[in-house]
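J.: Structure below; questions to follow.
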Amino acid sequence: MISMNNVYKHFGPVKALNGVSLEINRGKVVVIIGPSGSGKSTLLRCINHLEVESSGEIFVDGARVNGNQKHLNSVRSQIGMVFQHFNLYPHLTVLENVTLALRVVKKAPRKEAEVIAMKQLERVGIAEKAHNFPTQLSGGQQQRVAIARALAMNPKIMLFDEPTSALDPEMIKEVLDVMLDLAKEGITMVVVTHEMGFARAAADEVIFMDQGIIIEHTTPHDLFNNPRHDRTRLFLSQIL
Ligand code: ADP
Ligand code: MG
Numbered sequence: 113m114i115s116m117n118n119v120y121k122h123f124g125p126v127k128a129l130n131g132v133s134l135e136i137n138r139g140k141v142v143v144i145i146g147p148s149g150s151g152k153s154t155l156l157r158c159i160n161h162l163e164v165e166s167s168g169e170i171f172v173d174g175a176r177v178n179g180n181q182k183h184l185n186s187v188r189s190q191i192g193m194v195f196q197h198f199n200l201y202p203h204l205t206v207l208e209n210v211t212l213a214l215r216v217v218k219k220a221p222r223k224e225a226e227v228i229a230m231k232q233l234e235r236v237g238i239a240e241k242a243h244n245f246p247t248q249l250s251g252g253q254q255q256r257v258a259i260a261r262a263l264a265m266n267p268k269i270m271l272f273d274e275p276t277s278a279l280d281p282e283m284i285k286e287v288l289d290v291m292l293d294l295a296k297e298g299i300t301m302v303v304v305t306h307e308m309g310f311a312r313a314a315a316d317e318v319i320f321m322d323q324g325i326i327i328e329h330t331t332p333h334d335l336f337n338n339p340r341h342d343r344t345r346l347f348l349s350q351i352l
């Protein structure tokens, strides 16, 4: 579903990605861990071309992700992304936030968009807030709306960039529970997170990154119980 072949991304002198190659198969849940600045967000952002790789190749569902705008729209429409800060529009209701892309990008009529949106809001357990504004919701509720918004576009892939890092501790579980349900449904997911409980429970594979390089890419069991590299061991000892 996702293939990266020797991808480099430089920001001036900073090498955010330093030769990344990986394959992620359809339906897999892959968790990416690693220290701050190791290139995790850049890797995710390159997959849907929010960043353009300096060199190397990226394929999504067999199609090369490149600068061609028409092609890019089609790649992006297959990928949902959820960020640390939920990025909901404060002046729109929950329902309007979720229907916006359906109406603007997919040109869905209002009624049709609302039916789809309500279904996704139900899926994340927040349908009763459809007519509220984001500021009237808790952080955990807002993040579930952001997940519903991404799901409404019916993506093949969901990318999550530290979706619980900005949340108060008591709200983390409600968001992880929604993600766990998604993982069981078989959607391809790539999740950057520090929640090792989630990685153990939901991940098929875990990637440890450091300094723009994939150091290990293996099963959660292997990575947590039998890390092969000193850098992985050091990182795990700091967070576990
Ligand atoms: P992580 O998500 O693992 O914390 P990032 O992918 O955000 O790491 O960043 C990797 C490196 O690239 C860091 O050194 C960061 O400062 C740098 N970087 C990321 N985005 C930009 C940018 N837009 N401009 C300049 N440097 C950037
Ligand atoms: Mg990041």
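Residue numbers (the working numbering): 113 to 352.
Backbone N, C-alpha and C fix where the C-beta goes; we use that ideal spot for every residue, glycine too.
None of the values given here were measured: they were computed from a predicted structure.
1. Could you tell me whether the Cβ atoms of Leu279 and Gln253 are closer together than 8 Å?
2. May I ask you to report which of helix, strand or coil DSSP gives Arg345?
3. Are there any heavy atoms of the ligand MG lying less than 7 Å away from the beta-carbon of Glu274, as far as the coordinates show?
4. Identify which residue in Lys121, Asn118, Glu135 has its Cα closest to the Cα of Val302.
5. Is any heavy atom of the ligand MG found at a distance shorter than 7 Å from the C-beta of Lys152?
6. Would the segment 138-156 and the segment 306-322 be scored as touching if the rule is three or more Cβ pairs under 8 Å?
7. Can you tell me which of Pro202, Pro275, Leu214, Ile269 puts its alpha carbon nearest to the alpha carbon of Phe245?
8. For chain D, is any of its Cβ atoms less than 8 Å away from the one on Asp334?
9. Which same chain residues end up closer than 6 Å to Leu292 when comparing Cβ atoms and leaving out the 5 residues on each side of it in sequence?
10. Is Ala311 near the ligand MN, judged by its Cβ being under 7 Å from some heavy atom?
11. If we count Cβ pairs, one from each stretch, closer than 8 Å, do we get three or more for the segment 331-349 versus the segment 173-180?
12. Decide if Glu297 is buried, meaning its Cβ has at least 16 other Cβ atoms within 10 Å, or exposed.
13. How close, in whole Å, do the beta carbons of Leu361 and Ala220 come, if the pair is a contact with beta carbons under 8 Å?
14. Classify Gln350: buried if its beta carbon has 16 or more other beta carbons within 10 angstroms, exposed otherwise.
15. Which whole-angstrom value is the C-beta distance of Leu288 and Phe310, which I expect to be below 8 Å?
16. Leaving out five residues before and five after Met283 in sequence, what residues of the same chain have Cβ atoms less than 7 Å from its Cβ?
17. In whole angstroms, give me the CA-to-CA distance for Leu184 and His161.
18. By the 10 Å Cβ neighbour count, where 16 or more other Cβ atoms means buried, how is Ser153 classified, buried or exposed?
19. Tell me the start and end of each unbroken beta strand (DSSP E) in the segment 217-273 that is at least 3 residues and wholly inside, in chain order.
20. Within the same chain, show all residues whose beta-carbon is closer than 6 Å to that of Asp316, passing over the 5 residues directly before and after it, in chain order.
21. Can you say whether Leu352 is buried or exposed, counting buried as having 16 or more other CB atoms within 10 angstroms of its CB?
22. Rank Pro125, Arg138, Lys121 by C-alpha distance to the C-alpha of Gly131 and give the top, closest one.
23. Would you call Lys241 buried or exposed, if buried means 16 or more other Cβ atoms sit within 10 Å of its Cβ?
24. From Arg157 to Glu208, what distance separates their C-alpha atoms?
T.: So, from the data block:
1. No; because the gap between Cβ atoms is not below 8 Å, this pair is not in contact.
2. In this structure, DSSP gives Arg345 a helical state, which the three-state scheme calls helix.
3. Yes, since a heavy atom of the ligand MG falls inside the 7 Å radius drawn around the Cβ of Glu274.
4. Glu135
5. yes
6. yes
7. Pro202
8. Checking the listed chains, one finds no chain D in this structure; it contains a single protein chain.
9. Ala314
10. Of the ligands this structure carries, namely the ligand ADP and the ligand MG, none is the ligand MN.
11. Touching, no.
12. So Glu297 counts as exposed.
13. Residue 361 lies beyond the stretch modelled for the chain, which goes from 113 to 352, so this question has no answer here.
14. Answer is exposed; the Cβ neighbour count stays below 16.
15. 5 Å
16. Cβ contact annotation for Met283 (same chain, cutoff 7 Å, sequence separation greater than five): Ser250, Gly251, Gly252, in chain order.
17. Near 8 Å, if we compare the C-alpha coordinates of His161 and Leu184.
18. Answer is buried; the Cβ neighbour count reaches 16.
19. 269-273
20. Lys140, Val141
21. exposed
22. Lys121
23. buried
24. So the alpha carbons of these two residues sit roughly 25 Å apart.
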